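>
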Amino acid sequence: MIVFFGIKKKNFAYNAYTVMQCPKCGKETKHYLMLQKRAFTVFFIPLIPLGTRKYLVCEECRSVTKVSNFPPKDRVIISTGAERKD
Amino acid sequence: MRAKWFIFILGITAILASPAISATEITGDYRHTGTIPQDDFVIYHINMTKPGKILDVTVTASDPVDFYLLTEKELSQYMFSDAFAYEDYSENTTTYHWRGTGDYYLVIDNANVSVSGAMSHGPVNYTIVAKLEDKGIYDTLVDSAAYLVCGTLIVIAAATTFWLYKKPKIEEVLK
Ligand SMILES: [Zn+2]
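Protein chains in written order, with this note's numbering: chain E, 405 to 490; chain D, 30 to 204.
1. Only counting the same chain, and skipping five residues up and downstream in sequence, which positions put a Cβ closer than 6 angstroms to that of D/T124?
2. Going by beta-carbon coordinates alone, are D/G57 and D/D163 separated by less than 8 angstroms?
3. Counting Cβ pairs, one atom from each stretch, are 3 or more of them under 8 angstroms apart for the region 417 to 436 of chain E and the region 447 to 465 of chain E?
4. Of the residues D/E103, D/V158, D/I65 and D/W34, which one's Cα is nearest the Cα of D/G131?
5. In terms of residues, what are the limits of the beta strand (DSSP E) holding E/Y459?
6. Could you list the residues in the region 438 to 468 of chain E with a C-beta less than 7 angstroms from some C-beta on chain C, going in chain order?
7. Which residues in the same chain have their Cβ closer than 6 angstroms to the Cβ of E/P450, if we skip the five residues on either side of it in sequence?
8. Using DSSP's beta-bridge definition, name the partner residues of D/D69.
9. For ligand 1, is there a heavy atom less than 7 angstroms away from the beta-carbon of E/E464?
10. Taking only beta-carbon positions, decide if E/I482 is within less than 8 angstroms of chain D.
11. Name, please, each residue of chain E whose Cβ falls closer than 8 angstroms to the Cβ of D/A175.
12. Taking 8 angstroms as the threshold, find out whether the region 172 to 183 of chain D comes into contact with the region 89 to 100 of chain D through three or more Cβ pairs.
13. With DSSP run on the structure shown, which of helix, strand or coil describes D/L203?
14. Could you give the distance in angstroms between the alpha-carbon of E/H493 and the alpha-carbon of E/L454?
15. Answer with yes or no whether the minimum CB distance from D/V202 to chain E is below 8 angstroms.
16. Using three-state DSSP, classify D/M108 as helix, strand or coil.
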């Protein structure tokens, strides 16, 4: 019997950003918060949660930077516009 | 309109009046010796609707005959149409060890219903020795463990899927 193992990733983009210098393009721009949840799958069925990763997405160059923690609350601006889809 | 109703009622009456399949019931320890005329067959009914039943059956025939283990649906296919599905099949002296849940029918066939089956040349003497017993404690335990594992896996999969697709609120993220 063939058993399909894998990792399912689910990204959540937030309408919240912090302003910082981008490590990729070097510009001082908005960096949007993104979460990624990962789970171990068997036959494409999620079985074991593998935790959550945090990313910041540069508005200018779209580069994704993995961070161990999001910036503190007072440095994050939650915009009230439409929900980001990506 | 009246003629249509007449035909309809006639049809229903014909269905209700058609002879039911007569089958010998196998219960507990069963042993029987008999003869099947040429182009005929015998049917045994095995009631395994209560889970945990095991059937052990050995049929010995004096000439090659066809043995089929059929479900109720397959039996009616066997009786009324040329093509039929079957759970298990053997052409010579056979032994079945069968476990399943439902109504099963063992057919010993001395008729040429199928192209590939045994050919009927005359009456056949046969002996059937059967035993229908409840599953042992070990089998029951293995089955319960399997159900428990499957149930647990389903719950874990549901919980993990829920966790995976649930978007945390920004307030939780910034804690
Ligand atoms: Zn950038």
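Yeah, the Cβ is synthetic: ideal placement off N, Cα and C, and Gly gets one too. It should be emphasised that the depicted structure is a prediction, and the values quoted were computed from it without experimental measurement.
So, from the data block:
1. Looking up residue 124 of chain D in the second sequence gives position 95. Counting only Cβ-Cβ distances below 6 angstroms, and skipping sequence neighbours, we find T87.
2. As a position in the second sequence, residue 57 of chain D is number 28, starting the count at 1. As a position in the second sequence, residue 163 of chain D is number 134, starting the count at 1. In this structure, D/G57 sits away from D/D163, with a CB-CB distance that is not shorter than 8 angstroms.
3. The count of Cβ pairs closer than 8 angstroms, one atom from the region 417 to 436 of chain E and one from the region 447 to 465 of chain E, reaches three, so the stretches are in contact.
4. The residue given as residue 131 of chain D occupies position 102 in the second sequence. For the set D/E103, D/V158, D/I65 and D/W34, the Cα lying nearest the Cα of D/G131 is the one of D/E103.
5. Within the first sequence, residue 459 of chain E is the residue found at index 55, counting from 1. Counting along the chain, the beta strand (DSSP E) containing E/Y459 begins and ends at I449 to C462.
6. Absent from the structure is chain C; the protein chains it does hold are E and D.
7. As a working note, residue 450 of chain E is residue 46 in the first sequence. The beta carbon of E/P450 lies closer than 6 angstroms to those of K412 and A443 in the same chain, with the five residues before and after it left out.
8. Within the second sequence, the letter at position 40 stands for residue 69 of chain D. Beta-bridge pairing links D/D69 to no other residue.
9. Within the first sequence, numbered from 1, the residue matching residue 464 of chain E stands at position 60. The answer is yes for E/E464.
10. Start at 1 with the first residue of the first sequence, and residue 482 of chain E comes out as number 78. Yes, because at least one Cβ of chain D sits closer than 8 angstroms to the Cβ of E/I482.
11. Translated into positions along the second sequence, residue 175 of chain D becomes position 146. Ordered by position in chain E, no residue passes the 8 angstroms Cβ test against D/A175, which lies about 16 angstroms from the chain.
12. Counting Cβ pairs under 8 angstroms, fewer than three are found: no touch.
13. Your numbering for residue 203 of chain D matches position 174 in the second sequence. Note: D/L203 maps to coil in three-state DSSP.
14. Residue 493 of chain E is absent from the model: chain E starts at 405 and stops at 490.
15. Here residue 202 of chain D corresponds to residue number 173 of the second sequence, with the count starting at 1. The C-beta of D/V202 comes closer than 8 angstroms to at least one C-beta of chain E.
16. Numbered from 1 along the second sequence, position 79 holds the residue referred to as residue 108 of chain D. Reduced to three states, the DSSP call for D/M108 is helix.
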